[in-house]
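Take the position in the sequence shown, starting the count at 1, then add 522; the result is the number in our numbering.
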Amino acid sequence: MEDDPLITLKVLDLEGRRVYHTMRMNNRLQGLMDAYYKKVADVTYGSGTFMFDGSIRLRGTNTPAELDLNDEDEIEFFPTMIGGGSVGA
């Protein structure tokens, strides 16, 4: 499938864990997200956000081709933060 080459993407989280996933350029990123949750046992499925370049929020329906991702690009995983605000003095 020359018109749909393979790409390997890396997911890096705040704990420094790396998960590599090889997929086709026109496959949905949901497979990458599922692989991350499956390989990192202490992270609850759906409990975070996947980002690219620190500003592009990824959705499972996106493909590497439509986001112009390259082989070995790094995707960041950020857990959903609960709470917030400041504590009064």
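C-beta atoms are modelled at their ideal positions from N, C-alpha and C, and glycine is treated no differently.
Boundaries of the beta strand (DSSP E) in which residue i is found, first to last residue
i    : result
G582 : No beta strand (DSSP E) contains G582, which DSSP labels as neither H nor E.
G570 : 570-574
P601 : 596-601
Backbone CA spacing between residue i and residue j [nearest angstrom]
i    : j    : result
G576 : F600 : 10 Å
D556 : I604 : 22 Å
M545 : L554 : 8 Å
Close Cβ partners of residue i (< 8 Å) along its chain, the five nearest in sequence each way excluded
i    : result
R550 : G582, T583, N584, T585
Proximity to residue i [Cα-Cα], best of the options
i    : options                : result
T530 : A587, E537, D564, T602 : A587
Y542 : M603, T602, I604, D595 : D595
Three-state secondary structure assigned by DSSP to residue i
i    : result
D556 : helix
6 Å CB neighbourhood of residue i in its chain, flanking five on each side removed
i    : result
P527 : M547
K552 : Before going on, a small fix: residue 552 reads as Gln here, not Lys. Closer than 6 Å at the Cβ level, and outside the excluded window around Q552, lie G582.
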